[in-house]
Structures are given as C-alpha cells and as structure tokens.
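Here's the structure, in structure tokens; my notes come after.
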Amino acid sequence: MSSEPKTASRPSPALTHEIQSRIAASPASIHVRNLQTTLPIGTDAWGRPNKNQPVLISCSVHLRDPFNTASEQDAVTESTVHYGTLSKTLLEACELFKPDLAGEKRLRAIVSVLQNYLFGNEDPFIRGISGMTESLLTPEIMNVLTTKVHLPKASLLGSGVSLTLSTTYTSTCLLENISSTLRIHDLRIPTLIGVNSNERLAKQMVVANVELDRWFSVNDAYVELEKIVTAILEASSFQTLESLASHLCHLIIEKFVVANPEYPSLTKIWGYPVVKVGLEKPTAVTMADAPCVELVVDTDPTKNSITKGLWDASRK
C-alpha cells in the first residue's frame, strides 16, 4: 500500500545548509553510500545522451525518532529501515532506466524516480509506473530523505557530476521542503594564478568544485557548465584565488544560469539558484594538501546588485 507524503501545497524550496540543520536534529539515520550500477542516463563527458555509464547512488534516511524497538528487540522493526532492503529497492527502481525501457533518462529523472519509488508513488517523469506494492518508507517516521546520484565518468577533467535531492517532512506527514544541488567535482585545470614571481612563469594546477544550490532545471547541461568553467580558468591571469573565484561566479551566473532557457520562469516557482565555487592550489603550500578559497553568490536580484543587472539584461 502506498504511503504517499501529503502536500497541502507545493513544497518550499530550501538550500542545502537549511536541510543540514534538519539532518543534525535527527536522532537516528540509515545510510547506503555509493551503490553501484550502470545505466544509460544523463549525458556522458562529451554531452552524448543515453550512453551507458557507471552510476553511484547514495541514500540517507533520517528518522524523526530513535529506533528504540529495533535496538531493544535486536531486530528490524517499524522504527527503522532495513539497509539491505533499501539497497535492493534502489536497484529495483533503476530497472526503469534500462536501455530497452522507454522513458525519461535525464539525471533529474532518476533522482526523482528513486525518491518516489521508495514511497510507492507514481513519478511525473515516468507516467504509469508506480513504486513498490508495499512502500518501503512512510512519512510518519521520516524527518529528511536525501538521495544523491553521482556520475563519476560524466566529466572530462573532474571526478564526476552529481545531483542531490533532499526532502523534509512535518510531524503531520506533510512534504515540507525540497532542495536540489548540482555539483561538478574536482575539475583539475592548469591555470596562471599567484602573486609570487615564480607563479607568473607557468600555469599550475587548480582544483575547482562548482555547486549550484536550489537548482531545479531538468536539462542535463553540466557538460556545458564544465566547458564554461574550464575556459574561464584557462584564460585566467589573476594573482589571487579570491579574485578568480569572484570572476568565476560572475561568469557562471551570466553564461550559464541567466542564459539557461528555463530561467527566469523557474524562479517564480523554485526561487533563484545559489552559486558556490571552491578553488584549491595543491602545489602552492609545500607542507599542506592545498590552500582553498570558497565563495557563495545568491543569484536573487533583490539580494545582489550585480546579478540584478544580469537578470535585467536577459529580459530585454
């Protein structure tokens, strides 16, 4: 029997740090990390769709209450979720994306389907196919559900691309908040950067992590995002990581967020994305792994005069 979360209205968009505060308040959690399979989803590192590629699935179930009966009886009870069954159910849901089955195969689709399948619900991306006859999860015990799909071979210069979806639930089983984060991991790009004279003689490796929080676009445009980031860093002649990070955020907003054909209409429903970049110089400090700077920029034009100008220009 399906135990679909009730929604009085559309769930409110949330940022990752807001979800993290709810997770920190959860007294008990069950995790499955990097469940491996191969699926024709998203695009590969060259932007080609429907190519089989390795997929790593992580799922965290954060409970409203401690699993008291499970610990007292030393058995799997309704106060917890069996991690083995959770793993099997996630892999079962992945069968909907096999090459011989028709349906939406974008990265956004699989993350959404995985969450809905656990509750036994039909998903908007694959109509007519519901989840389990007996749902594995029920909103009564849930505080937060987080599902992450990582494509480790979907980046030419990095360690992969991931999309993370988190949902929170009220004590009355209402689906309350939803967050969605796209991340490109560990791009390694030779970059001219540094204030010292020796650093001006040649490019050094910069490791870039780029994250788009509150990102609800359905298009698989992460290859285009990687191209933009790569071109910006390769053309850099900045002296400081701080200046480069600011420049990078500005151009990501201009060339990727504002230029996305789904925006600004999506902002009316889900709000404006938040761009976060992290830049590391592994060779800059001999006795440390790497110095790093991080910068977060909200693209909401009411909070940032620079982004307001970019949004205004895009609407002309």
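Using full-length UniProt numbering, you'd call the opening residue of the sequence shown number 1 and step up by one each time.
For glycine and all other residues, C-beta sits at the position ideal for the given N, C-alpha and C.
{"Query": "Straight-line gap, Ser60 to Leu90 (C-alpha atoms, nearest Å)", "Result": "12 Å"}
{"Query": "From Ser180, Ala290, Leu225, residue whose alpha carbon lies closest to that of Val258", "Result": "Leu225"}
{"Query": "Bounding residues of the beta strand (DSSP E) (the contiguous stretch that carries Gln36)", "Result": "28–39"}
{"Query": "CB of Lys153 within 7 Å of CB of Gln53, strictly", "Result": "yes"}
{"Query": "Neighbour-count burial assignment, Met287, 16 or more Cβ in a 10 Å radius", "Result": "exposed"}
{"Query": "Of the residues Tyr83, Gly84, Gln115, the one placed nearest Cys94, counting alpha carbons only", "Result": "Gln115"}
{"Query": "Selection from Val274, Ala290, Ala221, His31 that minimises the alpha carbon distance to residue 323", "Result": "In this structure the chain extends from 1 to 316, so residue 323 is not present and cannot be described."}
{"Query": "Own chain residues within Cβ distance below 8 Å of Ala25, not counting five before or after", "Result": "Asn143"}
{"Query": "DSSP state of Ala109 mapped onto helix, strand, coil", "Result": "helix"}
{"Query": "Run of the beta strand (DSSP E) containing Cys59, from where it starts to where it stops", "Result": "53–63"}
{"Query": "Close beta carbons around Thr191, own chain, < 8 Å, minus the five adjacent residues each side", "Result": "Lys203, Gln204, Met205, Val206, Leu233, Glu234, Ser236, Leu244"}
{"Query": "Of the residues Leu174, Lys88, Ser179, Ile269, the one placed nearest Ser166, counting alpha carbons only", "Result": "Ser179"}
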